[in-house]
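Novice: A single structure is presented below for examination.
Numbering (the numbering used here), first residue to last: 248 to 980.
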């Protein structure tokens with residue numbers, strides 16, 4: 248109704264983007280307002296009609312909805328068609344639609360005259376250069392990035408904006424075009440060069456066409472800002488005017504990192520520009536990171552109010568704890584911001600190192616120890632820690648060189664854990680010894696050497712804490728960041744010893760786990776611990792471990808000695824459809840007749856009521872025999888059983904150890920010197936009396952109590968020990 252010349256505007260054509268899954272399978276096509284529509288229009292020669300202005304409003308003369316925003320006019324257009332008897336049906340269909348990510352307004356695709364870089368002509372070169380890049384993670388090479396290159400479109404370079412780098416193309420009235428490359432070219436072509444080459448000053452520059460001599464004016468565009476960032480390696484060197492810059496020597500750069508979305512942003516534009524200018528890739532290694540999401544897994548956004556600012560995180564937790572969070576897990580996977588996780592990770596890594604230092608400092612100050620180099624030691628624990636430290640250096644370096652920083656941190660974290668919870672726990676008595684002998688000096692020097700190496704390995708990841716702690720442990724005023732990154736010393740590495748003690752560490756961790764699951768504290772001695780492991784422990788190693796295992800007896804047992812009850816049962820989900828009506832009777836037979844268990848363990852299958860049952864239809868479940876608790880490490884296959892029977896004497900020793908811990912806490916709170924002697928008074932009670940009857944000497948020795956009595960006391964401190972209220976008083980003598 249509103250077209251003077253409707254010829255060439257109304258066709259019925261086919262298109263691959265139209266499907267029967269949504270709507271009618273018939274799609275209105277408007278070449279001016281969509282990429283697919285535009286391509287269809289070009290293919291079939293459809294005239295481009297554009298009745299909408301740059302404000303998104305109808306602007307053709309004579310339309311009833313002239314001046315209305317196109318989306319607001321939808322209802323009015325429907326009314327118009329209905330009034331003309333042209334509306335067959337009107338209904339709403341849910342489909343995706345682009346919106347402004349900032350204000351939420353609906354967006355319009357719009358045809359504009361644009362200058363392009365013909366990227367489509369160098370797709371093969373782009374893909375060839377991509378194969379020379381080490382992508383982290385590797386799947387981006389032929390995945391997200393490679394696929395994008397394979398479909399690379401011509402780059403729409405110009406923008407209808409004011410701010411930005413002016414497009415340096417001048418055009419004369421006869422259609423001749425010229426791309427200006429420097430101030431000197433403008434001057435040679437008769438133009439006056441402004442001091443500021445940006446708009447609006449550059450807009451006034453007129454030059455003479457070198458083909459026809461007429462005036463040339465600059466195209467009124469700026470260029471895509473991604474062209475600026477993609478040119479940064481060369482623009483920063485003032486290429487091509489800086490004669491000292493050698494692209495052959497400088498390109499490709501070694502390393503680039505950004506968020507994963509830059510595979511279609513900065514990574515892409517650098518790759519395209521370098522390929523166009525120099526025929527090669529812009530960078531050798533591309534390290535990508537994914538986004539940090541909020542605690543509910545949503546993308547952070549100002550409009551949603553769920554953004555967390557880095558400085559706020561640093562102010563709350565410190566810079567290094569925040570950095571440790573980013574190094575946890577593969578960086579190319581999205582992470583949910585978890586403040587509890589940040590706090591826990593900082594405690595596990597930095598907090599544990601601080602505790603190791605505090606332990607060292609409190610003991611070294613009493614002994615007047617000063618580190619003067621590593622003391623050669625034959626002690627098994629010292630040799631193990633030195634080996635573990637140096638093999639970890641090798642692993643950390645390997646992971647860092649392959650850009651797996653999260654794995655490097657995991658190596659360091661595991662070392663710190665074993666340093667604290669294995670080496671230090673088992674070495675405490677060496678540090679507490681009153682004799683300042685060679686054995687004690689070896690323990691001190693091994694501790695300081697190991698701390699020094701760990702802090703240097705950790706320095707790139709937690710630079711502030713590492714520097715702070717390094718100055719304390721070494722008494723050196725020089726920063727850790729002036730030191731060399733450690734190299735492994737093969738002379739210290741003993742992989743067989745590491746394997747043996749790793750098995751011991753696993754056994755101790757399993758004992759702690761099964762104690763926790765059984766609500767038995769580590770200080771409570773056990774009657775018996777049974778260990779089933781492929782790696783046997785030497786007598787020397789077992790002697791080191793026994794105090795930490797805290798049991799009357801530790802036995803290593805074979806497969807047939809495990810205190811396990813084994814039960815054969817059906818995998819009902821798979822067996823029931825096969826057995827059908829026999830299911831219940833077969834189930835009762837295999838569960839209650841021992842001969843089926845024996846046959847299944849021997850042959851891997853059994854026959855019941857004429858049905859052959861194999862490992863897919865049967866399963867064996869294991870449970871500890873009455874009086875035992877049990878746990879297993881799936882990786883190593885090590886199993887640990889503890890005897891839950893606690894007699895009177897065992898319970899008395901456990902209670903005595905709880906009393907010892909409370910007295911030691913009170914000594915610390917009273918700031919008593921390490922070697923100060925005390926007198927101790929404990930309130931009366933059946934459990935206290937029993938503990939003193941059996942273990943008075945142990946309590947005296949452990950707490951340096953010259954005298955221990957039981958009496959009703961008003962002063963001192965009240966403790967709740969396993970539900971028993973105990974009051975304890977100490978006095979220095």
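Ideal Cβ placement from N, Cα and C applies to all residues, glycine included.
Which residue's Cα is closest to the Cα of residue 596: 522, 801, 571, 582?
Specialist: By 1-based counting over the chain shown, the position of residue 596 is 349. The shortest Cα separation from residue 596 among 522, 801, 571, 582 belongs to 571.
Novice: At the level of alpha carbons, what is the spacing between residue 809 and residue 779?
Specialist: Counted from its first residue, the chain shown places residue 809 at position 562. Counted from its first residue, the chain shown places residue 779 at position 532. For residue 809 and residue 779, the distance between alpha carbons rounds to 8 Å.
Novice: So the candidates are 724, 682, 858, 868; which of them puts its Cα closest to the Cα of residue 922?
Specialist: The sequence position of residue 922 within the chain shown is 675, counting from 1. Per the Cα distances, 682.
Novice: What three-state label does DSSP hand residue 305 in the structure shown?
Specialist: As a first step, residue 305 is located in the chain shown; it is residue number 58 there, counting from the start. In this structure, residue 305 counts as strand in the three-state DSSP scheme.
Novice: Check residue 487 in the structure and name its three-state DSSP category.
Specialist: If you number the chain shown from 1, residue 487 lands on position 240. If DSSP states are grouped into helix, strand and coil, residue 487 belongs with coil.
Novice: For residue 640 and residue 441, I'd like the C-alpha separation in whole angstroms.
Specialist: Here the question's residue 640 lines up with position 393 in the chain shown. Here the question's residue 441 lines up with position 194 in the chain shown. Answer to the nearest angstrom: the Cα atoms are 58 Å apart.
Novice: Hey, how far is the Cα of residue 932 from the Cα of residue 957?
Specialist: Indexing the chain shown from 1 puts residue 932 at position 685. Indexing the chain shown from 1 puts residue 957 at position 710. Taking the straight line from one Cα to the other gives about 9 Å.
Novice: According to DSSP, simplified to helix, strand and coil, what is residue 412?
Specialist: The residue you call residue 412 lines up with position 165 of the chain shown. In this structure, residue 412 counts as coil in the three-state DSSP scheme.
Novice: Helix, strand or coil: which one does DSSP assign to residue 479?
Specialist: Within the chain shown, residue 479 is the residue found at index 232, counting from 1. DSSP places residue 479 in helix when its eight states are reduced to three.
Novice: Does residue 972 pass the burial test, meaning 16 or more other C-beta atoms within 10 Å, or should it be called exposed?
Specialist: Within the chain shown, numbered from 1, the residue matching residue 972 stands at position 725. Residue 972 is exposed by the Cβ-count criterion.
Novice: Does residue 991 pass the burial test, meaning 16 or more other C-beta atoms within 10 Å, or should it be called exposed?
Specialist: Because the chain here runs from 248 to 980, residue 991 falls outside it and cannot be looked at.
Novice: Under a three-way DSSP split, which group does residue 583 fall into?
Specialist: Numbered from its first residue, the chain shown carries residue 583 at position 336. Reduced to three states, the DSSP call for residue 583 is strand.
Novice: Would you grab the beta carbon distance between residue 703 and residue 727 for me? Rounded to a whole angstrom, and I think it's under 8 Å.
Specialist: Position 456 of the chain shown, counting from 1, holds the residue named residue 703. Position 480 of the chain shown, counting from 1, holds the residue named residue 727. Right, the Cβ-Cβ distance comes to about 6 Å (below 8 Å), so this counts as a contact.
Novice: Which same chain residues, not among the five before or five after residue 965, have their C-beta less than 6 Å away from its C-beta?
Specialist: By one-based count along the chain shown, residue 965 stands at place 718. Closer than 6 Å at Cβ, skipping near neighbours: 974.
Novice: Could you tell me which whole alpha helix (DSSP H) segments of length 4 or greater appear in the stretch 323–380?
Specialist: DSSP runs (the alpha helix (DSSP H)) wholly in the stretch 323–380: 370–377.
Novice: Is the stretch 887–897 close to the stretch 755–773, with three or more CB pairs under 8 Å?
Specialist: A contact exists between the stretch 887–897 and the stretch 755–773.
Novice: Using 8 Å as the threshold, is the C-beta distance between residue 533 and residue 402 below it?
Specialist: Sequence index remark: in the chain shown, residue 533 carries index 286 (1-based). Sequence index remark: in the chain shown, residue 402 carries index 155 (1-based). It is not a contact, given that the beta carbons lie outside the stated cut-off.
Novice: So, for residue 553: in the same chain, excluding its five sequence neighbours on each side, which residues have a beta-carbon less than 7 Å away from its beta-carbon?
Specialist: Numbered from 1 along the chain shown, position 306 holds the residue referred to as residue 553. Taken in chain order, the residues that qualify are 541, 545, 547.
Novice: With DSSP collapsed to three states, give me the class of residue 494.
Specialist: Taking the chain shown and counting its residues from 1, the one referred to as residue 494 is at position 247. Three-state DSSP puts residue 494 in a helix.
Novice: Suppose only complete runs of 3+ residues qualify. What are the beta strand (DSSP E) ranges in the stretch 773–811, listed by chain order?
Specialist: Entirely contained in the stretch 773–811, the beta strand (DSSP E) runs reaching 3 residues are, in chain order, 776–779, 801–803.
Novice: Between the alpha carbons of residue 605 and residue 633, how many angstroms are there, rounded?
Specialist: Numbered from 1 along the chain shown, position 358 holds the residue referred to as residue 605. Numbered from 1 along the chain shown, position 386 holds the residue referred to as residue 633. When rounded, the distance between both Cα atoms is 21 Å.
Novice: My assumption, with CB atoms under 8 Å, is that residue 278 sits in contact with residue 259. Please give the rounded CB distance.
Specialist: Walking along the chain shown from the start, residue 278 turns up at place 31. Walking along the chain shown from the start, residue 259 turns up at place 12. 15 Å between Cβ atoms; not a contact.
Novice: Within the stretch 723–755, note down every full beta strand (DSSP E) run reaching 3 residues or more, in order along the chain.
Specialist: Correct list: empty.
Novice: Give the range of the beta strand (DSSP E) segment to which residue 501 is assigned.
Specialist: For the purposes of this step, residue 501 is taken as residue 254 along the chain shown, with counting starting at 1. 500–506 is the extent of the beta strand (DSSP E) around residue 501.
Novice: Is the beta carbon of residue 498 less than 8 Å from the beta carbon of residue 521?
Specialist: By 1-based counting over the chain shown, the position of residue 498 is 251. By 1-based counting over the chain shown, the position of residue 521 is 274. A contact, by the Cβ cut-off of 8 Å.
Novice: Which residues does DSSP pair with residue 889 in a beta bridge?
Specialist: In the chain shown, counting from the first residue as 1, residue 889 sits at position 642. DSSP output for residue 889 lists 776, 876 as bridge partner(s).
Novice: When the Cα atoms are used, what is the spatial distance from residue 487 to residue 481?
Specialist: Counted from its first residue, the chain shown places residue 487 at position 240. Counted from its first residue, the chain shown places residue 481 at position 234. Between residue 487 and residue 481, the C-alpha separation is close to 8 Å.
Novice: For residue 268 and residue 372, what's the separation of their Cα atoms in angstroms?
Specialist: Stepping through the chain shown from its first residue, residue 268 is reached at position 21. Stepping through the chain shown from its first residue, residue 372 is reached at position 125. When rounded, the distance between both Cα atoms is 38 Å.
Novice: According to the neighbour-count rule (16 or more other Cβ atoms, all chains shown, within 10 Å of its Cβ), is residue 818 buried or exposed?
Specialist: Locating residue 818 in the chain shown gives position 571, counting from the first residue. Under this definition residue 818 is an exposed residue.
Novice: Write down the C-beta distance between residue 690 and residue 629 rounded to the nearest angstrom, noting that I regard them as a contact closer than 8 Å.
Specialist: For the purposes of this step, residue 690 is taken as the residue at position 443 of the chain shown. For the purposes of this step, residue 629 is taken as the residue at position 382 of the chain shown. That pair is a contact at about 7 Å.
Novice: Take every Cβ of the stretch 617–626, pair it with every Cβ of the stretch 638–655, and state whether three or more of those distances are shorter than 8 Å.
Specialist: With a cut-off of 8 Å, the stretch 638–655 and the stretch 617–626 do not count as touching, because too few Cβ pairs lie within range.
Novice: Out of 902, 865, 880, 980, which has the shortest C-alpha to C-alpha gap to residue 926?
Specialist: Counting from one through the chain shown, the residue named residue 926 turns up at place 679. When only C-alpha atoms are compared, the closest one is 980.
Novice: Give the straight-line distance between the Cα atoms of residue 707 and residue 914, rounded to the nearest whole angstrom.
Specialist: Position 460 of the chain shown, counted from the start, is the residue given in the question as residue 707. Position 667 of the chain shown, counted from the start, is the residue given in the question as residue 914. Answer to the nearest angstrom: the Cα atoms are 39 Å apart.
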